[in-house]
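Residue numbers (UniProt numbering), protein chains in the order written: chain A, 1 to 270; chain B, 1 to 270. Each residue gets a CB set at the ideal place from its N, CA and C atoms; glycine is no exception. Written below as structure tokens is the structure these notes are about.
2 protein chains.
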Amino acid sequence: MIRRCFQVAVRLGRHRVLPGVPQVLPRLNPTSAFGSSTDALVSRFCLKKTDLKDYALPNASWCPDMLTLYQEFLEKTKTDGWIKLPSFKSNRDHIQGLTLPFGLAVASDISDWRIFTRCIQVEGQGYEYVIFFHPSKKKSICLFQPGPYLEGAPGFAHGGSLAAMMDETFSKTAYLAGEGLFTVSLNIRFKNLIPVGSLAVLKVDVEKIEDQKVYMSCIAQSRDQQTVYAKCSGKEVLSLSTRLCPATITLRTNGRKNAEDALPSWDPAF
Amino acid sequence: MIRRCFQVAVRLGRHRVLPGVPQVLPRLNPTSAFGSSTDALVSRFCLKKTDLKDYALPNASWCPDMLTLYQEFLEKTKTDGWIKLPSFKSNRDHIQGLTLPFGLAVASDISDWRIFTRCIQVEGQGYEYVIFFHPSKKKSICLFQPGPYLEGAPGFAHGGSLAAMMDETFSKTAYLAGEGLFTVSLNIRFKNLIPVGSLAVLKVDVEKIEDQKVYMSCIAQSRDQQTVYAKCSGKEVLSLSTRLCPATITLRTNGRKNAEDALPSWDPAF
């Protein structure tokens with residue numbers, strides 16, 4: 001039986017293993033996570049030349065607060081070490097050197113994939129956001145403007161849309177700060193509703209990297225910081241270690257013809 | 001200055017107040033929350049006759065697991081007290097008797113709103129789900145099938161899409177079980193990834209209603225319960241009490257011409 005768990009590592013293009021051969025993947029060196037490897041990750045993530053559409057660029061739907069703060073941070077990319085992250089339609093585009101030895105994409109009848117936070121294509125209707133990352137400070141700023149298709153209570157963004165935006169910002173930040181792979185926990189306290197069409201500024205900090213996990217915090221607030229929309233803490237796992245990918249993993253098919261995907265299994269304390 | 005906070009209560013069609021007049025909204029009687037009021041809420045929520053499209057009905061994209069479990073629960077609606085909840089494209093459609101005295105919908109240039117979990121219109125591409133609710137047991141089952149536009153890691157649902165699905169199931173359950181209005185906290189532990197196109201079964205329980213809050217838990221797992229995808233606990237506030245809608249609330253405009261919406265403010269312990 002093919003240990004499909006390892007397909008995930010291969011799909012993610014960072015750990016290559018032979019099918020059927022359980023391997024102990026290398027544990028991350030925290031020093032390297034906070035050292036030059038971040039620069040390498042940023043270089044790999046922020047392609048200088050690409051034909052892929054970057055969705056994290058201003059468009060006519062952006063509100064004035066979003067536009068002016070975007071310009072402010074764009075200036076900081078020239079003077080203060082901030083980096084504007086590109087945002088492609090799929091994580092498949094973000095991960096370079098991707099190979100699919102077991103041909104999930106080929107075997108599947110699905111050809112059109114989208115990362116959840118770019119699922120709505122009409123400008124202004126869904127997620128509008130851009131993430132800036134500071135490699136040496138290990139922090140990110142996400143400018144987020146929810147559209148009318150992200151509604152919960154009438155006129156306001158659904159709490160789940162903010163949760164997903166926080167998760168996505170954690171995910172990208174953790175990857176660049178220390179090769180964080182998957183979210184294992186999110187603890188969110190909602191404090192105020194975000195009006196549809198307005199700006200929420202998410203400030204994300206890497207608190208620590210310890211025991212193969214990236215510990216992160218986030219506060220989402222109005223531009224003037226007078227209104228806190230939510231606070232969140234979260235953890236991302238760093239690599240597919242043996243604990244996450246045990247030799248005893250069982251292949252699961254979930255009863256769908258094209259859903260024989262791998263289930264990387266982990267068991268964080270709950 | 002109009003205290004726009006109260007617009008929310010009016011928009012939600014359940015508390016009518018005069019503009020500019022701070023009011024102490026009635027505190028909920030826990031007995032009524034677990035008594036006949038649930039039946040009244042269910043009747044109001046599940047319209048017998050409507051021209052609105054119900055998105056919680058089987059379509060060609062549903063996987064076999066989803067279809068068969070849907071049929072099983074549909075049988076239980078006849079014999080075991082379960083109720084299938086309809087799912088319209090907007091919460092505006094769900095809330096009956098809606099009046100907008102300050103004309104938010106008229107003033108806005110947005111005419112097309114969607115609840116976040118119905119934001120993608122092509123069948124199978126985004127959220128496919130149906131919620132069954134049991135009034136006397138105060139529990140829900142949500143059958144959730146993520147599509148390829150909900151992707152995170154290649155081939156798997158974004159954690160944020162599951163967080164939003166849990167939040168939405170909490171929200172509808174809390175509303176029907178005790179008039180819960182807004183989510184104040186979500187604590188999620190992710191354990192396994194959900195393959196795109198497969199079924200996740202979310203079991204939601206109301207643990208208690210106390211101090212104006214509905215305390216809830218959720219486990220998301222495969223149909224055979226052998227794979228736990230995530231566990232979650234959450235709280236919903238019951239009504240817009242003075243704590244949630246303080247007299248000192250400040251109107252905020254967020255720098256966008258049509259975003260002068262109310263910001264119901266609360267401050268749960270973080």
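Between B/N187 and A/A153, the C-beta spacing is not below 9 Å.
Put simply, the CB of B/L57 is far from chain A, with every gap to its CB atoms at 9 Å or more. Inter-segment contact for the segment 133 to 149 of chain A and the segment 64 to 77 of chain A is present: three or more beta-carbon pairs are separated by less than 8 Å. Contact check for A/A157 and A/P146: beta-carbon distance about 4 Å, within the 8 Å limit, so the pair qualifies. Nearest CB-CB separation between A/C218 and chain B: not below the 9 Å threshold. At a beta-carbon threshold of 7 Å, the residues of chain B lying near A/L150 are F116 and C119, ordered along the chain. The C-beta separation of A/E123 from A/T183 comes to about 28 Å, leaving the pair out of contact by the 8 Å criterion. The three-state reading of DSSP puts A/Q71 in helix, counting H, G and I together. In the structure shown, A/L143 adopts extended strand secondary structure according to DSSP, grouped into three states. The alpha-carbon separation between A/E128 and A/S87 amounts to approximately 11 Å. For B/C218, the CB contacts under 6 Å within the same chain, skipping 5 residues up- and downstream, are M166, L202, V204 and C232 in chain order. Annotation: B/N59 to A/D65 spans about 41 Å, alpha carbon to alpha carbon. For B/I194 and B/Y229, the gap between their C-alpha atoms comes out near 7 Å.
At a cut-off of 9 Å between beta-carbon atoms, A/K53 makes no contact with chain B.
Residue-level contact by beta carbon holds for A/K191 and chain B, with a gap shorter than 9 Å. Here B/P135 carries a coil assignment [DSSP, helix/strand/coil]. In the DSSP secondary-structure assignment, B/S43 is not bridged to any residue. Close to B/S161, with beta-carbon spacing below 7 Å, are these residues of chain A in chain order: F116 and A164.
Across the structure, B/I83 and B/H134 are spaced so that their CA atoms are roughly 6 Å apart. Residue burial is scored here from C-beta neighbours: A/T227 has at least 16 other C-beta atoms within 10 angstroms and is therefore classed as buried. Secondary structure in the UniProt domain "Thioesterase" (155 to 227) of chain A: the alpha helix (DSSP H) runs of 4 residues or longer, each lying completely within the stretch, are 159 to 178 in chain order. Taking the beta carbon of B/E168 as reference, the chain A residues within 7 Å of it are G160, listed in sequence order. Identification of chain A residues near B/F182 by a Cβ-Cβ cut-off of 8 Å yields A153, G159, F190 and L193, ordered along the chain.
Cβ atoms of B/G178 and B/L150 stay farther apart than 8 Å, at about 30 Å. Residue environment for B/Q225: exposed (fewer than 16 other C-beta atoms within 10 angstroms of its C-beta). Cβ neighbours of B/V42 within its own chain (closer than 8 Å, five residues either side excluded): I83, F133, P135 and L176. A straight line joining the alpha-carbon of B/D51 with that of B/H94 spans about 12 Å. Of all alpha-carbon atoms in A/D54, A/I131 and A/W62, the one lying nearest the alpha-carbon of A/T77 is that of A/I131. The C-beta separation of B/S161 from A/F116 comes to about 5 Å, placing the pair in contact by the 8 Å criterion. Neighbours of A/G126 in chain B, taken as residues whose beta carbon is under 7 Å from its own, are C119 in chain order. Listed as beta-bridge partners of B/Y127 by DSSP are B/P146. Here DSSP, grouped into helix, strand and coil, assigns A/K76 to helix.
Chain order gives the chain B residues near A/D112 as P148, where near means a beta carbon separation below 7 Å. For B/S61, the secondary structure class from DSSP, reduced to helix, strand or coil, is coil. Nearest neighbour of A/S198 by Cα position, chosen from A/G155, A/V206, A/D211 and A/M216, turns out to be A/G155. Only residues of its own chain outside the window of five on either side were considered, and among them A230 and K231 have a CB closer than 7 Å to the CB of B/R189, listed in chain order.
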